[in-house]
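Numbering (this note's numbering), first residue to last: 17 to 914.
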């Protein structure tokens with residue numbers, strides 16, 4: 017049972033600090049509970065009042081006649097430590113804290129909040145808040161909130177860190193007749209946070225879509241893990257505040273800010289959809305509430321006005337949308353019913369005298385076509401096509417055409433008083449409707465972007481070459497040597513330039529331009545003579561960030577004289593302009609083959625919230641990451657690297673020119689993956705900057721680079737927001753018959769091999785595993801099995817090493833609850849390989865995994881007829897509970913915590 021069941025399914029509540037004074041939190045909460053119609057027990061607590069709102073009031077928590085499921089604290093923060101102690105004695109398991117000033121000091125060493133949370137943790141009390149508006153559960157008529165507005169029952173859940181946004185959304189939703197399954201104000205989110213609520217709501221039958229308002233994320237790993245799991249079966253929208261860096265600058269050092277584009281990356285990586293403002297939020301809610309899943313991105317627009325259609329088209333193109341191409345068959349049908357002056361293309365301008373009947377005929381033609389996936393019906397005020405009459409005609413057509421359910425249909429009825437009633441008709445019929453062309457197209461693009469993010473969750477990646485053990489050993493030895501050579505203490509970092517770091521890049525397969533350091537003109541000439549001309553000379557000074565400030569780069573030097581003159585000129589200019597700067601000399605490089613090539617910049621730095629993040633853009637000396645780059649969270653595989661490149665090209669942060677030798681995007685994606693592997697494998701690397709990276713067709717050359725190193729202690733994986741592939745769990749073993757096996761965690765790339773494995777499992781064995789008849793596994797089903805979150809689930813595959821390609825012969829998996837209290841296991845073996853010890857091998861693997869993770873127990877379920885599984889479980893120490901009448905057998909293994 018989830019630890020939040022008590023919060024979402026309460027039978028009783030105590031209002032601590034209930035009040036008779038109007039507008040006090042204790043008074044508003046009591047009124048909301050009573051007027052909402054909650055059928056459970058409501059117990060106000062206040063030492064001075066005999067009753068509150070006509071309900072008998074208890075003087076203290078210990079006087080309550082029963083232990084409430086929830087205690088809502090409407091009290092001043094100064095009283096809350098004592099109240100938490102009373103909650104602990106009484107055994108109350110959920111507390112909602114409304115006080116906003118819990119950061120005040122309780123004593124010299126701890127704040128009120130810290131002391132309350134210590135008590136809560138010790139006594140297993142879950143806490144919503146502080147600074148929470150409360151919770152509203154419309155299906156239970158439960159309104160335990162300070163909100164002046166209540167919520168109607170519906171299928172949308174809302175979770176917010178802002179109380180003001182909560183009340184705004186509630187007010188708007190009531191106007192639009194949109195209901196909620198749950199409405200939660202997290203406040204500070206000190207205990208119950210987004211991840212807890214997402215885990216719960218993703219399994220809630222009343223919830224179809226989830227809406228998040230985010231100010232900031234506390235625990236990136238837990239948030240992304242929960243969001244990725246929830247986004248697979250619930251539509252999730254995110255409104256994230258703080259796009260402007262200035263909104264944070266007043267209270268946070270700029271170096272410790274999380275850039276907004278990094279939040280973008282995290283939201284996309286999790287399969288959610290971000291909206292930019294409350295207007296888009298409301299539009300997106302309406303779209304997702306009333307839309308079927310988008311089957312494609314081709315949009316057809318039909319209108320009675322060319323101007324509004326152009327506005328819609330501009331918005332569609334600006335946002336990277338696709339306009340449907342109409343086939344000749346569709347054009348012929350439209351020509352037969354439309355005046356000769358119609359637009360002859362999509363958008364379909366039916367001309368200003370379009371009647372309701374003309375709207376119906378055109379819509380029928382589009383609904384009968386396979387050229388399109390979605391339709392936007394636009395209407396400007398017209399005397400020949402009245403607003404409501406035309407709306408009714410559209411609704412009649414949608415209802416009568418059997419193919420209409422295959423399409424996403426959106427409407428834009430422009431105008432105010434005359435259009436309001438028409439828009440209401442669409443809303444009542446669950447057809448998304450909008451006031452302006454721009455908002456209608458923006459809403460459609462929400463569906464498109466959401467679909468793209470979902471596909472990113474299910475993309476089957478290909479793998480670049482993995483890091484070999486010797487390669488990694490040599491890299492770590494080089495890093496240790498570099499740190500020791502610079503005598504760095506635990507709290508300092510060292511910045512290495514191109515000539516110092518090329519060995520590291522070479523070890524990871526990155527092609528760098530050979531670079532040497534010359535202290536004077538004589539050394540520069542000797543190096544140039546050795547490497548052959550032409551060469552480039554560049555200033556080397558750790559105190560001068562941009563070489564261009566002193567014209568510190570000279571290119572295409574073709575002889576000794578030019579090298580000598582360039583070296584002396586750079587050194588002299590630098591000494592004059594920066595007399596106190598450390599000047600180490602000049603860097604000498606052979607000239608790269610720049611003809612036909614293109615330059616970009618790649619940078620990796622550690623974000624304070626999400627850990628290592630990679631940025632890509634055109635770069636330059638004044639490169640502003642927040643505006644001129646596109647980012648992605650590490651780790652990356654080939655599929656994710658390609659997504660990064662596509663987003664960068666679409667956003668215009670990377671602008672490749674058409675050349676005779678076009679950029680090989682696959683080669684660039686491979687380089688990005690290698691950089692990701694380098695950062696993941698070596699936690700001592702805290703920053704990498706490739707500036708620039710020269711791309712010439714298939715050739716990628718790092719011209720200049722810098723690496724920042726610092727000593728690292730602790731768990732290297734914890735610094736990543738997404739846990740990487742756990743290669744440390746790989747092991748080679750063998751079966752009783754001597755068959756050599758590789759046991760390793762499953763990879764996304766295993767999808768085709770997993771599909772082949774399933775072909776060798778009988779229908780009977782599949783039925784025992786899935787408790788139902790299963791047909792052919794499609795891409796989505798296989799992606800769910802192979803693209804797992806290593807932070808909360810694990811699947812081990814047994815691979816027969818006798819084959820060149822991965823040959824899977826068995827799979828065991830566990831799904832661990834977020835609180836690590838239970839791990840549900842499942843196991844599947846090729847039906848022709850039973851009895852060779854494979855089942856025991858895979859079971860021991862997941863038992864060992866759960867023991868190391870500290871999971872309290874492992875549980876599973878099978879059929880009473882599955883004697884092989886039951887016998888194996890019994891031998892391994894599982895307790896069995898066979899229920900023949902229900903046709904199930906439960907297996908539980910209690911684990912001792914290490």
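C-beta atoms are modelled at their ideal positions from N, C-alpha and C, and glycine is treated no differently.
Determine the direct distance from the alpha carbon of residue j to that of residue i, and round the result to whole angstroms.
{"i": "residue 35", "j": "residue 901", "result": "54 Å"}
{"i": "residue 133", "j": "residue 40", "result": "25 Å"}
{"i": "residue 247", "j": "residue 871", "result": "25 Å"}
{"i": "residue 268", "j": "residue 90", "result": "In this prediction, residue 268 scores a pLDDT of 40, lower than 50, which makes its location untrustworthy; the coordinate-derived value is nonetheless stated afterwards. Taking the straight line joining both Cα atoms gives about 31 Å."}
{"i": "residue 440", "j": "residue 317", "result": "21 Å"}
{"i": "residue 302", "j": "residue 224", "result": "13 Å"}
{"i": "residue 410", "j": "residue 425", "result": "10 Å"}
{"i": "residue 705", "j": "residue 595", "result": "27 Å"}
{"i": "residue 502", "j": "residue 724", "result": "12 Å"}
{"i": "residue 380", "j": "residue 175", "result": "40 Å"}
{"i": "residue 219", "j": "residue 676", "result": "53 Å"}
{"i": "residue 233", "j": "residue 592", "result": "48 Å"}
{"i": "residue 787", "j": "residue 177", "result": "40 Å"}
{"i": "residue 722", "j": "residue 564", "result": "17 Å"}
{"i": "residue 50", "j": "residue 98", "result": "27 Å"}
{"i": "residue 181", "j": "residue 207", "result": "21 Å"}
{"i": "residue 403", "j": "residue 299", "result": "21 Å"}
{"i": "residue 897", "j": "residue 755", "result": "34 Å"}
{"i": "residue 53", "j": "residue 163", "result": "16 Å"}
{"i": "residue 739", "j": "residue 624", "result": "16 Å"}
{"i": "residue 880", "j": "residue 784", "result": "9 Å"}
{"i": "residue 271", "j": "residue 643", "result": "Interpretation of residue 271 is limited by its pLDDT of 49, a score under 50 that renders its predicted location unreliable; no figure is taken from the coordinates."}
Quick check on this structure: which residue in the options has the alpha carbon closest to the alpha carbon of residue i?
{"i": "residue 137", "options": "121, 104, 401, 696", "result": "104"}
{"i": "residue 111", "options": "22, 614, 763", "result": "22"}
{"i": "residue 516", "options": "156, 494, 525", "result": "494"}
{"i": "residue 446", "options": "193, 820, 342", "result": "193"}
{"i": "residue 809", "options": "772, 755, 865", "result": "865"}
{"i": "residue 629", "options": "85, 144, 236", "result": "236"}
{"i": "residue 117", "options": "780, 692, 483, 96", "result": "96"}
{"i": "residue 198", "options": "213, 48, 257, 382", "result": "213"}
{"i": "residue 882", "options": "899, 749, 624, 352", "result": "899"}
{"i": "residue 701", "options": "59, 508, 418, 66", "result": "508"}
{"i": "residue 77", "options": "119, 415, 32", "result": "32"}
{"i": "residue 524", "options": "437, 796, 546, 487", "result": "487"}
Grab me the residues of residue i's own chain with a C-beta within less than 6 Å of its C-beta, minus the 5 sequence neighbours each way, in chain order.
{"i": "residue 646", "result": "632, 663, 664, 667, 669"}
{"i": "residue 475", "result": "655"}
{"i": "residue 431", "result": "397"}
{"i": "residue 251", "result": "225, 304"}
{"i": "residue 531", "result": "514, 515, 603, 605"}
Take residue i and list the residues in its own chain whose beta-carbon comes closer than 7 Å to its own, dropping the five residues that flank it on each side.
{"i": "residue 572", "result": "550, 607"}
{"i": "residue 265", "result": "Because the pLDDT of residue 265 is 39, which lies under 50, any placement of that residue in the model is unreliable, and the question is left without a value."}
{"i": "residue 776", "result": "846, 847, 848"}
{"i": "residue 679", "result": "614, 672, 711"}
{"i": "residue 92", "result": "115"}
Would you call the CB atoms of residue i and residue j closer than 8 Å?
{"i": "residue 845", "j": "residue 766", "result": "no"}
{"i": "residue 217", "j": "residue 253", "result": "no"}
{"i": "residue 152", "j": "residue 167", "result": "yes"}
{"i": "residue 294", "j": "residue 443", "result": "no"}
{"i": "residue 888", "j": "residue 850", "result": "no"}
{"i": "residue 737", "j": "residue 240", "result": "yes"}
{"i": "residue 774", "j": "residue 811", "result": "no"}
{"i": "residue 489", "j": "residue 617", "result": "no"}
{"i": "residue 854", "j": "residue 814", "result": "yes"}
{"i": "residue 392", "j": "residue 362", "result": "no"}
{"i": "residue 289", "j": "residue 465", "result": "yes"}
By Cβ distance below 8 Å, which residues in the same chain neighbour residue i in space, the five residues on each side in sequence not counted?
{"i": "residue 875", "result": "838, 839, 840, 841, 906, 907, 908, 909"}
{"i": "residue 367", "result": "320, 354, 355, 357, 358"}
{"i": "residue 377", "result": "353"}
Pop quiz: residue i and residue j are said to be a contact at Cβ under 8 Å. What is the actual Cβ separation, rounded to whole angstroms?
{"i": "residue 238", "j": "residue 287", "result": "That pair is no contact at about 16 Å."}
{"i": "residue 597", "j": "residue 560", "result": "6 Å"}
{"i": "residue 637", "j": "residue 518", "result": "The Cβ separation is near 22 Å, so there is no contact."}
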